[in-house]
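Enquirer: Going line by line, the protein sequences match chains A, B and C.
Letter by letter, the first sequence follows residues 1 to 390 of the UniProt record's numbering.
Letter by letter, the second sequence follows residues 1 to 303 of the UniProt record's numbering.
Letter by letter, the third sequence follows residues 1 to 251 of the UniProt record's numbering.
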Amino acid sequence: MYVATKGGERAIEAAHAWLAEERRGDPAVPELSVAQIREQMSLAVNRVMAEGSLHDPDLAALAIKQARGDLIEAIFLIRAYRTTLPRFGASVPVDTARMAIDRRISATFKDVPGGQVLGPTFDYSHRLLDFALMAEGAPPPAPTRDPETANTAAPAPHVLALLDRDGLMEPQTDGAETPPDLTRSPLEMPAERALRLQALARGDEGFILGLAYSTQRGYGRTHAFVGELRIGRCIVEMEIPELGFAVGIGEIELTECETVNQFTGSKTEPAQFTRGYGLVPGQSERKAIAMSLVDRALRWEELGEDNTGAPAQDAEFVLSHCDNIQATGFLEHIKLPHYVDFQSELELIRRLRREAVAAAPQSAAPAAHSAPAPSSSPAPSSPAKGEAAE
Amino acid sequence: MTARATRKARPERPAMSEDYNFAYLDEDTKRMIRRALLKGIAIPGYQVPFASREMPMPYGWGTGGVQVTAACLVPEDRLKVIDQGADDTTNAVSIRRFFERTAGVATTTRTREATLIQTRHRIPEEPLREGQILVYQVPIPEPLRFLEPRESETRRMHALEDYGLMHVKLYEDIARHGEIATSYAYPVRVAGRHVMDPSPIPKFDNPKLSGNAAIQLFGAGREQRIYAVPPWTQVVSLDFEDHPFTPSKADAACDLCGAAGSYLDEVITDDAGSRMFVCSDTDYCTTRQAEGHRGRLNREEVA
Amino acid sequence: MSPLLRVESLGKSYGARLGCAEVSFDLWPGEVLGIVGESGSGKSTLLGCLAGHLAADSGRILYRGRDTRAMSEPERRMLARTEWAFVHQNPRDGLRMGVSAGGNVGERLMAVGARNYGQIRAAATDWLGRVEIAATRIDDRPRQFSGGMQQRLQIARNLVTGPRLVFMDEPTGGLDVSVQARLLDLLRGLVRDMGLSVVIVTHDLAVARLLADRLMVMKDGHVIEQGLTDQVLDDPQAAYTQLLVSSVLQV
């Protein structure tokens, strides 16, 4: 007697318990603390905060722990939590020119006011596994702090602002109106640049990286130089109506990239450089550079460039597919039951085949069977029977 | 593996309801969704953009339906959740538990007892009544999407009632297959105006969309769209005069309850090609069995 | 009798660049008007404005007395799929390449409410015959057709709803000479039999001579000469037209 599968509830309970066990791993190995993840896996924490659109290193670390290191799953946890948070207001725009610099490089000028600061980068590390890190408890050599760099509180103006002053850069004006909020209003096409930048900032690092790479290889080429890449901390300020002025409410780490791109000019405008922009919370320069390339590629229309049909030029394509939480959800939903749709397809295809067979000329029907296989490999009987029944 | 399986499940976690607002979403969000729902009701079949929130379940797993349900639920509601017609499929269980925890509402598996039914891919067999709400989970709300990928263009086509392309698709089906080869998510025209995707229900269910006493609400979370069919609204499945729409199902009766007119799941029972058919609507089937109806494989308690 | 289409002082520019300016003419029922000129002369801009593909900046376009520039988008689209037709130079722009020949011809019928498959198919078969495409090709896709066949299919797709006014943009461009001749012959027959009014843009004066009753010569966005086809081609007045005609005769 057939009984339809029951007990989905018990199965889910058991699956969750098993998952918790797997997450913990071997109990003989000490458990990771959230603080350890926050401090020692900080780039993972940064990515979860950036794509989760929530600045909270502790929660991001917790999410990574809970997600067993699956960063998209961790981002998902943060996004779902973020939905439930009340909104108290909006900060005033952060002033990245006043950033406390940890790292700042320009590929376009050998030296710039404020200096080039290498900062904590993998760039010139040889990618050799450091087996010393395996020896537990062995502390890395203590860094020596150069007293000269410690007091570079001197302002580091944006490199592109220097070109701007000479009129070589496309002018950039502050929009007076508050930009729309992607997380509070539905994305409608065509999307203005502010909205595009928001989507890119929280978009999947891998997707944005791939698109940016495609522009470099000729699919929507923009000839980008990194005018400036800077990483550091900015003060977040909020206007308090009762006070009538803005007060600092905290500090966040940001990575900002501005690219300088070729532009030949047109009949009405003299040649000048254009820019692409990337801003990502936390230290995430790969994402920031990629974002600025994609931003620039998406601007083809306003700059009067040709649409070459490259994916990175297609705003609707990029914005509809850059969010990894949307993508992973929809991708993975095809593992949910689809018995009903499948059943209806099954009926349809059976009927179409039946009709096709009935309509086919009689001569074709009794196709000559090939000689039976040698007796050494006995043919399985059931599939053959199934076919004969058809 | 077996050792793990026999290990005892953890005791139930405490209810989340105290940490979150009633039905999870904050009141502002619910108000925003209700406005979209009202607009949808006012323009039957029109896709209303709404600022879909990230939910604690994946996109594509019913986040649109869940948000619509959350915006409609009141504490007195009795909720039923089905997936593929069944109350006990894992995703239905998961969504039902979500609302048990976050809204504390009563739940049921009985269609007639429910005030709100969230569904994925089916319309219950038992006719709905006035006052009930049926919430559909929708993966791709745009019926023109696979003919025209651009949102900006499809919205214009709806605005201008430019639906020739939809019929071209049906024409091509008939030219190639001799009939309209769309078996689920079969496009409909609502109240003589908007062409609508009824979500991936089998076309067998399409006739139930029309003149239904219940409010039918459709939520697509990832695609940020809500649409609706008000009670007693005419919903017509697109077709040609000489190739009329025909709802279809497996040519069999339920092997458990004997129902001849319900939508059936095909179940493969061994590796020799044996199969049986059972109602996809589990409540309908169990109710009929309780009333004494019997199917082919359920006459006496023999394997 | 009143003109089918009356154009008054039509102008369109792209920023500082002029598309066309101060264009005025009347098109009478059953008349074929040719617009000739070299590329960049504004003839395609003018055609685009007339057909509603481009928004003109100034002037009036009166179709049967109604200003199409003042029409709502749905009204204009309805016109575009009933009383008007547009034949593109490149059949790819005017056909659905992934849809069968029958579906291509049937689309306009379905867009205006035809809901009988058998009748749609019969009309498609009839029209394929009229443009000399074998009925057995009805379920083939345009990709499987030659360039000339694709163009004939595009014409069938446009004429199936019995339009009054047809816009054509270099309909024979890009085809071999022998294929061109056959297509022109076909077009001439259809125009005469259906009593169509046509605005045809071409840079090919031979095409203009064969099809058009009247010609308008454009240069730098302006109409510099117009008149009966024979008159313009045999006795051109404007220096530019003389150059245009003589350059053709040399070939």
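Note that beta-carbon positions come from the ideal geometry of N, C-alpha and C, so glycine has one too.
These figures come from a predicted structure and were not determined experimentally.
1) Give me the residue from C:Leu228, C:Arg157 and C:Val245 with the minimum Cα distance to Ala124 of chain C.
2) What does Leu160 of chain B touch in chain E if you count any residue whose Cβ is under 9 Å from its own?
3) In whole angstroms, give me the CA-to-CA distance for Asp181 of chain A and Gly113 of chain C.
4) Give the DSSP-derived three-state secondary structure of Ala17 of chain A in the structure shown.
5) In this structure, how does DSSP classify Asp323 of chain A when only helix, strand and coil are distinguished?
6) CB Val105 of chain C to CB Arg60 of chain C, shorter than 9 Å?
7) State the beta-bridge partners of Ser13 of chain C as determined by DSSP.
8) So within the region 131 to 156 of chain B, which uninterrupted beta strand (DSSP E) runs reach at least 3 residues, ignoring any that extend past its ends?
9) For Pro190 of chain A and Asp204 of chain A, I'd like the C-alpha separation in whole angstroms.
10) Within the same chain, show all residues whose beta-carbon is closer than 6 Å to that of Ala185 of chain B, passing over the 5 residues directly before and after it, in chain order.
11) Is the CB of Met110 of chain C under 9 Å away from at least one CB in chain B?
12) To the nearest angstrom, how far is the alpha carbon of Arg275 of chain A from that of Arg78 of chain B?
13) Under DSSP, the alpha helix (DSSP H) around His167 of chain B begins and ends at which residues?
14) Please state if the CB of Pro202 of chain B and the CB of Asp341 of chain A are separated by a distance shorter than 9 Å.
15) Please classify Arg122 of chain B: is it buried, with 16 or more other beta-carbons within 10 angstroms of its beta-carbon, or exposed?
16) Quick check on the burial criterion: 16 or more other C-beta atoms within 10 angstroms. Buried or exposed for Ser100 of chain C?
17) Tell me whether Val229 of chain B sits in a helix, a strand or coil according to DSSP, three-state version.
18) Which residues, in chain order, does the region 111 to 136 of chain C contribute to contact with chain B at a C-beta distance below 7 Å?
19) Please go through the same chain and pick out, in chain order, the residues whose beta-carbon is closer than 8 Å to the beta-carbon of Gly167 of chain A, but skip the five residues on each side of it.
20) Is it buried or exposed for Glu54 of chain B, if we count other Cβ within 10 angstroms and need 16 for buried?
21) Using the rule of at least 16 other Cβ atoms within 10 Å of the residue's Cβ for burial, across every protein chain shown, is Ile226 of chain B buried or exposed?
22) May I ask you to list, following chain order, the residues of the region 49 to 61 of chain B that have a beta carbon less than 9 Å from some beta carbon of chain A?
23) Can you tell which of C:Cys20, C:Leu5, C:Lys219 and C:Arg192 has the C-alpha that lies nearest to the C-alpha of Ala239 of chain C?
24) Whose Cβ in chain A lies nearer than 9 Å to the Cβ of Ser280 of chain B?
25) Ends of the alpha helix (DSSP H) at Phe225 of chain A?
26) Here's a check: name, in chain order, each residue in its chain whose Cβ is nearer than 7 Å to the Cβ of Ala250 of chain B, leaving out the five neighbours to either side.
27) Among the candidates C:Asp139, C:Gly195 and C:Leu165, whose CA atom is the shortest distance from the CA of His177 of chain B?
28) One question on the structure: do Gly19 of chain C and Gly42 of chain C come within less than 9 Å of each other, judged by their Cβ atoms?
29) From Ile215 of chain B to Gln154 of chain C, what distance separates their C-alpha atoms?
30) Just grab the DSSP bridge partners of Pro202 of chain B for me.
31) When DSSP labels each residue in this structure, what does Val357 of chain A get in the three-state scheme?
32) Taking the C-alpha atoms as reference points, what is the distance between Asp164 of chain A and Gly227 of chain A?
33) If I measure Cβ to Cβ from Ala92 of chain B and keep anything under 6 Å in the same chain, skipping five residues before and after, which residues do I get?
34) When DSSP labels each residue in this structure, what does Glu9 of chain A get in the three-state scheme?
35) With H, G and I counted as helix, E and B as strand and the rest as coil, what does DSSP make of Val236 of chain B?
36) Since Pro231 of chain B and Asn212 of chain B should fall inside the 8 Å C-beta cutoff, what is the C-beta to C-beta distance between them, to a whole number of angstroms?
Expert: Concretely, from the data shown:
1) C:Arg157
2) Considering every chain present, this structure includes no chain E. Its protein chains are A, B and C.
3) 42 Å
4) helix
5) coil
6) no
7) C:Leu18
8) 133 to 137
9) 21 Å
10) Asp197 and Pro200
11) Interface residue, yes.
12) Arg275 of chain A and Arg78 of chain B have their C-alpha atoms roughly 56 Å apart.
13) Gly164 to His177
14) yes
15) buried
16) buried
17) Three-state DSSP puts Val229 of chain B in a strand.
18) Ala111, Arg115, Asn116, Tyr117, Gly118 and Ile120
19) Gln272
20) Per the 10 Å Cβ criterion, buried.
21) buried
22) Pro49, Phe50, Ala51, Ser52, Arg53, Glu54, Met55, Pro56, Met57, Pro58, Tyr59, Gly60 and Trp61
23) C:Lys219
24) Tyr339, Val340 and Gln343
25) Not the alpha helix (DSSP H): Phe225 of chain A falls in the beta strand (DSSP E), residues Ala224 to Ile240.
26) Leu264, Glu266 and Phe277
27) C:Asp139
28) yes
29) 45 Å
30) B:Tyr184
31) helix
32) Cα-Cα distance, rounded: 12 Å.
33) Only Val81, Ile82 and Asp83 meet the Cβ criterion.
34) helix
35) Three-state DSSP puts Val236 of chain B in a strand.
36) 7 Å
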